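Chemist:
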Amino acid sequence: MKLTNYLLITIIVFFTACAAPKPLVFKGLKSIKIEKASFGKNIFNAQFEYQNPNNFKLVLNKLDCDILINDQVFTKYTLDTNFNIPANANFILPARMEVELSLLLKNSVDILFNKPMKIGVKGSATLSKGMYTKTIPISFETTQKLNLKDAL
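Under our numbering, the sequence shown is numbered contiguously, ending at residue 137.
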């Protein structure tokens, strides 16, 4: 009798522990720095701030997304290394992005006059918790100023 109760409790705990994670909350672009400026590809190092609303740690295994500025694709961002995400906390995700000069020129007036711009992230992320792995869609948007003067 006791063995069946322990088995039932173990099964219940196992299935409740494997609950699907809540999606991450995009807080915005924390900072951006220009690593390399040229007439071809420019390299930016950025930090995106997110919040994990789950009460458990997660591991970001893979990230594949487009960065949009004013609803136009600005660059692609991928991450193939494991990144530990703390439970119930904000965290910073580093990004190294290559951007063509022509894409910068499309938004140059807004950047020069430090106007608020719509920044979006769309793609997918593969998250894991223990043995449980799931790929979830990502779709975040925020409006903020992109001050490249401070990025130099």
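The beta-carbon is built from N, C-alpha and C at its ideal position, and this holds for glycine as well. Because the structure is a prediction, the values reported are computed rather than measured.
What is the rounded straight-line gap between the Cα of Met102 and the Cα of Ile70?
Modeler: The sequence position of residue 102 within the sequence shown is 117, counting from 1. The sequence position of residue 70 within the sequence shown is 85, counting from 1. Distance between the alpha carbons of Met102 and Ile70: 28 Å.
Chemist: Mind pulling the alpha helix (DSSP H) runs of 4 or more residues that sit fully within the region 5 to 93?
Modeler: 86 to 91
Chemist: Please report the distance separating the alpha-carbon of Met82 from that of Asn27.
Modeler: The residue given as residue 82 occupies position 97 in the sequence shown. The residue given as residue 27 occupies position 42 in the sequence shown. About 8 Å.
Chemist: Identify the continuous beta strand (DSSP E) that holds Lys130 and give its terminal residues.
Modeler: The residue labelled residue 130 in the question sits at position 145 within the sequence shown. Run containing Lys130: Tyr117 to Lys130, per the beta strand (DSSP E) assignment.
Chemist: Tell me the rounded alpha-carbon separation between Gln57 and Lys119.
Modeler: Position 72 of the sequence shown, counted from the first residue, corresponds to residue 57. Position 134 of the sequence shown, counted from the first residue, corresponds to residue 119. Those two C-alpha atoms are separated by around 28 Å.
Chemist: Looking at C-alpha atoms only, which residue of Gln32, Ala72, Val44 and Gly105 is the closest neighbour of Thr127?
Modeler: The residue you call residue 127 lines up with position 142 of the sequence shown. Out of Gln32, Ala72, Val44 and Gly105, Gly105 has the C-alpha closest to the C-alpha of Thr127.
Chemist: Just how far apart, CA to CA, sit Phe33 and Lys18?
Modeler: For the purposes of this step, residue 33 is identified with residue 48 of the sequence shown, where counting begins at 1. For the purposes of this step, residue 18 is identified with residue 33 of the sequence shown, where counting begins at 1. Straight-line Cα distance between these residues: approximately 12 Å.
Chemist: Applying the 10 Å Cβ sphere with the 16-neighbour rule, what's the burial state of Phe188?
Modeler: Residue numbering for the chain in the displayed model covers -14 to 137; residue 188 lies beyond these limits and cannot be assessed.
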